[in-house]
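As structure tokens, the structure follows; a few thoughts come after it.
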Amino acid sequence: MTQIINKNAVQKNLSKKSIIKIANNIDQAKLELKRITDRTSGNVQDEAIKVVNEILKNVCERGDEALKEYTSRFDGFIAEELQVPSDLILKAWEETPKALQDSLLLAKKRIEKFHRLQIPKNINYKGVHGESLGRRWRPVEKAGIYVPGGRAAYPSTVLMNAIPAYVAGVNQTIMVSPANSKGELNKTVLAAAHITGINKVFRIGGAQAIGALANGTESIPKVDVITGPGNIYVTLAKKNVYGKVGIDSLAGPSEILIIADQSAKLEHVASDMLAQSEHDPLASAILITTNKELSKKLPAELERQLINHPRYEICKKSIIDWGLIVLCDELEACIELSDSFAPEHLELLVTDPQELSKNIRNAGAIFMGSWSPEAVGDYLGGPNHTLPTSGTARFAGALGVETFMKNTSLIDFSQEAFDETKHAIVHLANSEGLHSHAESILIRDSKSC
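Each residue of the sequence shown is one higher than the one before, starting from 6 at the first, in the numbering used here.
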């Protein structure tokens, strides 16, 4: 049961315009968690859908011409050529400082090693009547990965999307990413593309980039699967083209939920929450704790760590709008609230995180203990950092090698297997009223069924 926080203390915090909301009780906590989950729905999404549909229609009909118009309008540069020359990709790697090169290569090595363990095994099974049954995995032919631009550069996104595609055996991976007003892509992003074997990079972003990958244009090949995070326009575009191509997920704004007990350090909790909030004003950082002192001191510690923060405005808006503190009597209540929210990232800053993790049902990734902050997973832990958001961890998981693969069922019946099962097939077909299904069995039978 959630402990009710002293109302006078809450009023005092409010009078000081506390930087973060505090849930007074379990019912309020549930309402706040739902509000956070639903933060991108409503009128904003309805308007965005109209914009996205128009962009996708235009790109499908006019191809590169439409892409260049949107690039000029949204990104602020005239794109005579949409593709980044391959020599610039190589040059970006060569000009990357040695320490950063080593860091990228270490991340690549760790991510690739983990993802190689994910390669699904083919199934070959011999039935009791001599029939052969199986499932065979094959990679898709072409994959498109979307790498966001805008507020930050994300070479880690390149690694986390391109490496699983490479491990799966995808023949060609194509990268799209919005350029700056000079038509330039971040050099570290290009360096990451180089070491992951991507040789087709296009300077386009937004819904128009998704439309180009899904339909193909004069210069951009049509792909089979599109992965990678983006803003609401990118997400809605992926939703629109799903079925024409495969996608990884419909990613919403990023989120972290921290469960903490008496062992948690105040400065660790605050820094981990700010590490999430600096992504985006819509990012969410939540603390659910049994530590009363931690819940009391956290707002001031967040304020302290925000002093001279280079992304102060983004962090502050995220914390004010979508941050939350909940104080509970026991860890079981913390788990219950966490599972109802199904966070993208879950940190367990508790005495025995491994034991507590066994009781967690819904989370995209679980970070256990004070030496496993979310940033470890963001960059080089090994598991993929592309995770389900907005409560979808109830039924979905991380991007992986299987995202870039498909499986085919294999059925090879012997005559004995056919004869042993034919009666059942005919009865089942007749029960569904499917005459020709039954006839396709009867016509093969030399004896009457």
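C-beta: ideal position from N, C-alpha, C; glycine also.
- For T178, the uninterrupted beta strand (DSSP E) run begins and ends at 177-181, by DSSP.
- Three or more beta-carbon pairs separated by less than 8 Å link the segment 163-172 to the segment 107-123, which places the two stretches in contact.
- For W142, the secondary structure class from DSSP, reduced to helix, strand or coil, is strand.
- Between K411 and the set R67, P125, A104, the nearest pair of CA atoms involves P125.
- Residues of the same chain with a CB within less than 7 Å of the CB of N296, apart from the 5 flanking positions on each side, are A265, D266, Q267, A269 in chain order.
- When secondary structure is reduced to three states using DSSP, E283 falls in the coil class, being assigned neither helix nor strand.
- DSSP places D417 in the strand class (E or B) of the three-state scheme.
- For F207, the number of other beta carbons within 10 angstroms of its own is at least 16, and it is reported as buried.
- The beta carbon of V228 sits closer than 7 Å to the beta carbons of K147, A148, G149, I179, L218, V250 from its chain, once the five residues preceding and following it are set aside; these are given in chain order.
- The DSSP-derived three-state label of L241 is helix.
- Straight-line measurement puts the Cα of S323 at about 29 Å from the Cα of E189.
- Distance from L336 to L361 at the Cβ level is roughly 6 Å; contact confirmed, criterion being Cβ atoms closer than 8 Å.
- Its Cα nearest to that of D344, the residue R366 stands out among Q123, R141, R366.
- In the three-state reduction of the DSSP assignment, T232 falls in the strand class, which pools E and B.
- Exclusion of the five residues before and after K302 leaves L271 as the residues of its chain whose Cβ lies within less than 6 Å of its Cβ.
- Under the three-pair Cβ rule at 8 Å, the segment 376-385 does not count as touching the segment 69-77.
- The segment 390-403 makes no contact with the segment 353-360: fewer than 3 CB pairs, one atom from each, lie closer than 8 Å.
- Here S186 is exposed, its C-beta having fewer than 16 other C-beta atoms within 10 Å.
- Annotated three-state conformation of A112 is helix, per DSSP.
- In the DSSP assignment, the residues bridged to L329 are K26, I291.
- Out of E425, A157, L392, T232, the CA that lies nearest to the CA of H134 is found in E425.
- Assignment of S224 by DSSP, reduced to helix, strand and coil, places it in the coil class.
- Excluding residues up to 5 positions away in sequence, G216, N220 lie with their Cβ nearer than 7 Å to the Cβ of C65 in the same chain.
- The beta carbons of E260 and P348 sit about 6 Å from each other, so the pair counts as a contact at 8 Å.
- Taken through DSSP and simplified to helix, strand or coil, I203 comes out as coil.
- Nearest in C-alpha terms to I24, of all of D32, I312, E308, M373, is E308.
- Bounds of the alpha helix (DSSP H) holding H440 are 440-447.
- If you draw a straight line from the Cα of G369 to the Cα of E421, it comes to about 47 Å.
- Here Y247 is exposed. Its C-beta has fewer than 16 other C-beta atoms within 10 Å.
- Excluding sequence positions up to five before and after K35, its CB lies within less than 8 Å of the CB of L342, S345, all in the same chain and listed in chain order.
- Remark: C-beta atoms of V152 and G233 approach each other more closely than 8 Å.
- In the assembly as shown, T222 is a buried residue. Its beta-carbon has 16 or more other beta-carbons within 10 Å.
- Contact annotation, P160 with T193: C-beta distance approximately 5 Å; criterion of less than 8 Å satisfied.
- In this structure, K113 keeps its C-beta atom at 8 Å or more from the C-beta atom of T42.
- Here the alpha carbon of R449 sits roughly 26 Å from the alpha carbon of R140.
- In the structure shown, Y159 adopts coil according to DSSP, grouped into three states.
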